[in-house]
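Q: Going down the list, the protein sequences come from chains A and B.
Every number in the numbering used here is 214 more than the matching position in the first sequence, counting from 1.
Every number in the numbering used here is 214 more than the matching position in the second sequence, counting from 1.
I have a structure I would like to understand better, so I am pasting it below and will then ask my questions one at a time.
Number of protein chains: 2
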Amino acid sequence: VSILLIGDLTRSEYESWRERLSACLPASEKLFASDEDYERDDIDIALVANPPAGSLSQLPNLRFIQSLWAGVDRLLSDPTLPTDVPVSRLVDPNLTQAMVECVVAHVLFLHRQIPQYLGQQSSAEWKQWTQPLAMQRRVGMLGLGQLGGAAAQALSRLGFDVVGWSAAPRTVKGIRTLHSAERLNSVLRDTEILVNLLPLTPQTTGILRKELFHVLPRGASIINLARGEHLVEEDLIDALATGHISHAILDVFRTEPLPPQHPFWSHPRVSVFPHVAAATDPDSATQLAANNIAAFRAGRTPVFLVDRRKGY
Amino acid sequence: VSILLIGDLTRSEYESWRERLSACLPASEKLFASDEDYERDDIDIALVANPPAGSLSQLPNLRFIQSLWAGVDRLLSDPTLPTDVPVSRLVDPNLTQAMVECVVAHVLFLHRQIPQYLGQQSSAEWKQWTQPLAMQRRVGMLGLGQLGGAAAQALSRLGFDVVGWSAAPRTVKGIRTLHSAERLNSVLRDTEILVNLLPLTPQTTGILRKELFHVLPRGASIINLARGEHLVEEDLIDALATGHISHAILDVFRTEPLPPQHPFWSHPRVSVFPHVAAATDPDSATQLAANNIAAFRAGRTPVFLVDRRKGY
C-alpha cells in the first residue's frame with residue numbers, strides 16, 4: 215500500500231511537500247507524487263491539494279483522502295469523487311490563528327476608518343471624524359466553523375458587539391448566534407461590518423448579493439475572506455455606487471489572480487488582497503496530515519472528517 | 215467659591231461643556247467660562263483644556279486644577295503655573311479603550327502588511343508575501359501608563375510577542391517590562407513594530423530620533439500616538455529613505471494641523487492620521503471631572519493627581 219500526493223502543484227512544490235512528509239511519516243510508508251511512476255492499485259491514501267477532477271476515481275483501492283487545505287469545496291465538486299471514501303480536511307491551529315489575526319486586522323481597519331483617513335492623506339486633508347468604540351459597532355460573522363468561531367471570539371474580546379450566523383445550529387462560547395436561512399436577515403439588519411467565513415456550498419454560492427446587501431443598514435462594509443464564488447461581483451459594484459455599501463475588503467475572487475482589467479483593482483472603496491488571509495503552513499500541515507494518516511493506519515477514525523451532505 | 219472653565223475652546227465648545235457640567239455638578243456650584251465676567255478671587259477650582267499660559271497664575275485662591283485631557287505636558291510647561299496647587303489629569307476608561315483599539319488596529323495594519331498590499335493594488339499587482347503569525351512578531355511598547363499598559367495587554371492577548379519599556383519601573387500583568395534609559399536599547403534591538411505612548415517630558419522629547427532608529431532592526435516600523443515632539447521628523451525621513459525604517463504611522467505632529475506642504479503627507483511610507491487616536495469623550499469626561507470635584511469639595515484626595523517632578 216502507498217500514499218499518493220496529488221494536486222495543482224509544481225515539481226518544486228511536490229519536492230518540498232515530499233521532503234517534509236518523509237520526515238513525519240514512518241519509514242515503512244511509500245509516498246509517490248502524481249507525476250511519478252506508481253501502481254494505481256497500490257494507492258490506498260491520497261494526500262490532495264486541488265487534485266484534477268476525475269483523478270481520484272482512477273484509484274480502485276483508495277480508502278482515505280486527506281486534504282492539505284481547509285476548504286474542500288473544489289474537491290467535493292468533482293462528480294466522480296468516490297462517495298464511499300472518507301475525506302478529512304486540514305484544520306490547523308496555526309491557520310486558524312492566521313485567519314483570526316486577518317479578520318481582526320480588517321475589522322479594525324474599517325472600524326477605525328483607516329480607508330477614509332488614507333484617502334484624506336492623498337489630498338493633504340486634516341479632518342477628524344467621530345470615532346465610535348468597538349462596543350458600539352455591530353459585527354456580523356457569517357460562518358461559525360473553526361475559523362468563524364475563533365474570529366468571532368477574538369472580536370468579542372476586543373469589545374465588538376458580535377452576532378454570528380450559520381446555516382446549521384452552532385454554539386460559540388460567549389457569542390450570540392443565530393442559524394437558518396430565515397434568521398439571516400435579523401443578523402444583517404443591524405450589522406455595520408459583515409465578515410464572510412462560510413464554507414462554499416450550493417446554498418452559500420452567491421450569498422453576498424443584492425438582496426443581502428439591501429438588508430444591511432446603509433453604509434455597511436463587507437469583508438470576504440472565504441471564496442470568490444460567495445460574492446456576486448456586479449451586485450457589489452452597484453451597491454458601492456449607490457453608497458449603500460461603503461467599503462469592501464476582498465481577499466478571494468471568482469478568478470484568481472484577479473485579472474488586471476478587473477474594476478475592483480482601481481475601485482476607491484474596494485481593498486484588494488491577493489488571497490493571503492490564511493495560507494497553509496507546510497510544516498504544521500505536514501505534521502497534522504501525518505498524524506491523521508497514522509490514525510487511519512491504526513484503525514482509528516481520522517479527525518475533521520468531511521460531512522459530504524453538508525459540504526464541509 | 216466658583217469653578218472656572220478655561221481653555222483653548224470656542225464659544226460653542228464652552229456652551230457644550232457647560233451644559234454637560236451643569237447636569238453633573240450639584241446646583242450649589244457656580245461655573246464660569248473664562249470669556250464671561252467672573253471675580254478672580256472667587257475661583258478655587260479650574261477645569262482646564264489647554265489654558266493660555268499665565269492664566270492660572272492670575273487666580274489667587276486657586277486650590278485645585280482638573281484637566282479635561284489625559285496629557286498635561288502643555289499645562290505643566292507653563293512656568294507660571296502655581297506649584298502648590300494639585301493638578302489631576304483625566305483618566306477615562308473610554309479613552310483608554312479607544313487608544314487600545316487604535317493601537318491594535320495600527321499594529322495589525324503593519325503586521326498584516328496592509329500598506330504593501332494597498333500599494334500593490336494601485337498597480338494591479340497580485341503578489342503574495344510570507345505572513346508571520348503575531349507570536350513571531352516582536353512589538354515594543356514605549357510607555358506603560360494607563361494607555362500603554364492596556365494596549366500592551368491587548369496585543370499580548372492577540373498573540374503578539376510584546377515587551378514594554380518605561381522610564382520608571384512598572385509592572386503590567388502578563389507583560390515583560392524593562393525600565394531605565396540604560397535598558398531601552400535591549401528592548402529596541404529585537405522590536406519589529408515600535409509603539410510610542412510615552413508621556414511628553416524633557417527626557418522623552420525627541421526620543422524617536424536617529425540614535426533610536428539605528429538600534430531597531432532594519433525594516434522595523436514605528437507608530438507614534440503620543441506627541442509630535444517625541445519625534446525628530448528629519449531623522450525619520452532619513453531613516454525611511456535608507457529603508458532602515460520601513461513604515462511610520464503618525465497620529466501626532468509638532469505642528470497641528472500638519473501643514474499642507476509637509477513631506478509626510480505625500481510620503482509613500484508614512485500614514486498620516488489627524489490626531490484621532492483617542493479623543494476625549496465629553497460625556498464621560500464631564501462625569502469624571504464632576505466626581506473629582508466632588509471628592510475635592512468633600513476633603514478627599516482627587517484621583518489621578520499629577521506628579522509634577524515626573525511630569526505626568
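All C-beta atoms in this analysis are idealised placements derived from N, C-alpha and C, irrespective of residue type, glycine included.
(1) What residue range does the alpha helix (DSSP H) around B:G357 cover?
(2) Tell me, which residues are paired with B:H461 by DSSP?
(3) List the residues that DSSP assigns as beta-bridge partners of A:N410.
(4) Determine which residues of the region 351–379 of chain A have a Cβ less than 8 Å from any Cβ of chain B, and write them out in chain order.
(5) What would DSSP say about A:I507, mapped onto helix, strand or coil?
(6) Can you grab the Cα-Cα spacing for the pair B:L261 / A:P488, in whole Å?
(7) For a contact defined as C-beta to C-beta under 8 Å, what are the partners of B:I389 on chain A?
(8) Any C-beta of chain A sitting closer than 9 Å to the C-beta of B:K341?
(9) Consult DSSP for A:A381 and reduce its assignment to one of helix, strand or coil.
(10) Between the region 284–297 of chain A and the region 318–327 of chain A, do three or more beta carbon pairs fall short of 8 Å?
(11) For chain B, check one thing: does any of its Cβ atoms lie closer than 9 Å to the Cβ of A:P183?
(12) By Cβ distance, which residues of its chain are closer than 6 Å to B:G442, with the 5 residues on each side in sequence left out?
(13) At the level of alpha carbons, what is the spacing between B:S216 and B:L223?
(14) Using a Cβ-Cβ cut-off of 8 Å (strictly less than) and excluding sequence neighbours within five positions of B:D452, which residues of its own chain qualify?
(15) Of all the residues that make up the region 459–483 of chain B, which are near chain A by a beta-carbon distance shorter than 7 Å?
(16) Which one of A:A338, A:A237, A:A312 and A:G221 has the shortest CA to CA distance from B:P473?
(17) So, does the region 230–240 of chain B touch the region 496–511 of chain B, judging by three or more C-beta pairs under 8 Å?
(18) Of all the options A:S236, A:N264 and A:G268, which has the alpha carbon lying nearest to the alpha carbon of A:D497?
(19) Kindly identify the DSSP beta-bridge partner or partners of A:H393.
(20) Which whole-angstrom value describes the C-beta separation of A:L464 and A:V490, a residue pair presumed to lie in contact below a C-beta threshold of 8 Å?
(21) Is there a Cβ from chain B that is less than 9 Å from the Cβ of A:H325?
(22) For B:Q501 and chain A, any beta-carbon pair shorter than 9 Å?
(23) Identify the contact partners of A:V318 in chain E, using a Cβ-Cβ distance below 8 Å as the criterion.
(24) Whole angstroms are fine: how far does the CA of B:A499 sit from the CA of B:P516?
(25) Is it buried or exposed, B:N438, if we count other Cβ atoms within 10 angstroms and call 16 or more buried?
(26) Leaving out five residues before and five after B:E253 in sequence, what residues of the same chain have Cβ atoms less than 8 Å from its Cβ?
(27) Find the residues of chain B that neighbour A:I328, judging by a C-beta separation of less than 9 Å, and give them in chain order.
(28) Could you confirm whether any beta carbon from chain A is found closer than 9 Å to the beta carbon of B:A312?
(29) Going straight from the alpha carbon of B:I279 to that of B:V446, what length do you get?
(30) Which residues in chain A sit within 8 Å of B:N308, going by Cβ to Cβ distance?
(31) Find the nearest neighbour of B:V429 within the set B:T415, B:P346, B:W231 and B:R397, judged by alpha-carbon distance.
(32) Can you give me the C-alpha to C-alpha distance between A:A284 and B:V486, rounded to a whole angstrom?
(33) According to DSSP, what are the bridge partners of B:S302?
(34) Going by DSSP in three states, A:D495 sits in which element: helix, strand or coil?
(35) With B:A263 as the anchor, note down where its beta strand (DSSP E) starts and where it stops.
(36) So, with DSSP's three-state summary, where would you put A:I451?
A: So, from the listed chains and residues:
(1) For the purposes of this step, residue 357 of chain B is taken as residue 143 along the second sequence, with counting starting at 1. Taken as a continuous stretch (DSSP letters only), B:G357 belongs to no alpha helix (DSSP H), as it is neither H nor E.
(2) Taking the first residue of the second sequence as 1, we reach residue 461 of chain B at position 247. Its beta-bridge partners are B:S435.
(3) What you label residue 410 of chain A is simply residue 196 of the first sequence in a count that begins at 1. According to DSSP, which records beta bridges pairwise, A:N410 is partnered with A:L356 and A:N438.
(4) Those residues of the region 351–379 of chain A that come within reach of chain B (Cβ to Cβ, closer than 8 Å) are A368, R371, L372 and G373.
(5) For this step, residue 507 of chain A is matched to residue 293 along the first sequence. A:I507 falls in the helix class under three-state DSSP.
(6) Residue mapping note: residue 261 of chain B aligns to position 47 of the second sequence, counting from 1. Residue mapping note: residue 488 of chain A aligns to position 274 of the first sequence, counting from 1. In a straight line, the C-alpha of B:L261 is about 52 Å away from that of A:P488.
(7) Reading the second sequence from its first residue, position 175 is the one you call residue 389 of chain B. Here the premise fails: no neighbours, minimum Cβ distance about 17 Å.
(8) Taking the first residue of the second sequence as position 1, residue 341 of chain B is located at position 127. Nearest CB-CB separation between B:K341 and chain A: below the 9 Å threshold.
(9) Your numbering for residue 381 of chain A matches position 167 in the first sequence. The answer is coil: DSSP assigns A:A381 none of H, G, I, E or B.
(10) Taking 8 Å as the limit for Cβ pairs, the verdict is that the region 318–327 of chain A does not touch the region 284–297 of chain A.
(11) Residue 183 of chain A lies beyond the range of chain A shown here (215 to 526); nothing can be said about it.
(12) If you number the second sequence from 1, residue 442 of chain B lands on position 228. Short of 6 Å from the beta carbon of B:G442, and not among the five residues preceding or following it, lie these beta carbons of its own chain, in chain order: V466, F467 and R468.
(13) Looking up residue 216 of chain B in the second sequence gives position 2. Looking up residue 223 of chain B in the second sequence gives position 9. Near 19 Å, if we compare the C-alpha coordinates of B:L223 and B:S216.
(14) Start at 1 with the first residue of the second sequence, and residue 452 of chain B comes out as number 238. Same-chain partners within the cutoff: K424.
(15) Contact residues of the region 459–483 of chain B toward chain A are P471, L472, P474 and W479 (C-beta to C-beta distance below 7 Å).
(16) Along the second sequence, one-based indexing puts residue 473 of chain B at 259. The shortest C-alpha separation from B:P473 is found at A:A338.
(17) Contact between the region 230–240 of chain B and the region 496–511 of chain B is present: 3 or more CB-CB pairs across the two stretches fall below 8 Å.
(18) Within the first sequence, numbered from 1, the residue matching residue 497 of chain A stands at position 283. That would be A:S236, whose Cα lies nearest to the Cα of A:D497.
(19) The sequence position of residue 393 of chain A within the first sequence is 179, counting from 1. Beta-bridge pairing links A:H393 to A:S380.
(20) The residue you call residue 464 of chain A lines up with position 250 of the first sequence. The residue you call residue 490 of chain A lines up with position 276 of the first sequence. A Cβ-Cβ distance of about 11 Å is found for the pair A:L464 and A:V490, leaving them out of contact under the 8 Å criterion.
(21) As a working mapping, residue 325 of chain A is identified with position 111 in the first sequence. Yes, because at least one Cβ of chain B sits closer than 9 Å to the Cβ of A:H325.
(22) Residue numbering aside, residue 501 of chain B sits at position 287 when the second sequence is read from its first letter. No, no contact with chain A.
(23) Checking the listed chains, one finds no chain E in this structure; the protein chains it contains are A and B.
(24) For the purposes of this step, residue 516 of chain B is taken as residue 302 along the second sequence, with counting starting at 1. For the purposes of this step, residue 499 of chain B is taken as residue 285 along the second sequence, with counting starting at 1. So the two alpha carbons sit approximately 15 Å from each other.
(25) Working through the second sequence from its first residue, we reach residue 438 of chain B at position 224. Under this definition B:N438 is a buried residue.
(26) Numbered from its first residue, the second sequence carries residue 253 of chain B at position 39. S216.
(27) Residue mapping note: residue 328 of chain A aligns to position 114 of the first sequence, counting from 1. The answer, in chain order, is A319, H320, F323, I328, S485 and F487.
(28) Locating residue 312 of chain B in the second sequence gives position 98, where the first residue counts as 1. Interface flag for B:A312 against chain A is set, since a Cβ pair is found closer than 9 Å.
(29) For the purposes of this step, residue 279 of chain B is taken as the residue at position 65 of the second sequence. For the purposes of this step, residue 446 of chain B is taken as the residue at position 232 of the second sequence. Straight-line Cα distance between these residues: approximately 32 Å.
(30) For the purposes of this step, residue 308 of chain B is identified with residue 94 of the second sequence, where counting begins at 1. Residues of chain A passing the Cβ test: L347.
(31) Working through the second sequence from its first residue, we reach residue 429 of chain B at position 215. Closest in alpha carbon position to B:V429, among B:T415, B:P346, B:W231 and B:R397, is B:R397.
(32) Along the first sequence, read from residue 1 onward, the residue named residue 284 of chain A stands at position 70. Along the second sequence, read from residue 1 onward, the residue named residue 486 of chain B stands at position 272. The alpha-carbon separation between A:A284 and B:V486 amounts to approximately 38 Å.
(33) By one-based count along the second sequence, residue 302 of chain B stands at place 88. Answer is B:Q280 and B:L519, bridged to B:S302.
(34) Within the first sequence, residue 495 of chain A is the residue found at index 281, counting from 1. Assignment of A:D495 by DSSP, reduced to helix, strand and coil, places it in the coil class.
(35) Indexing the second sequence from 1 puts residue 263 of chain B at position 49. Start and end: I257 to A263.
(36) In the first sequence, counting from the first residue as 1, residue 451 of chain A sits at position 237. In the three-state scheme derived from DSSP, where H, G and I count as helix and E and B as strand, A:I451 is classed as helix.
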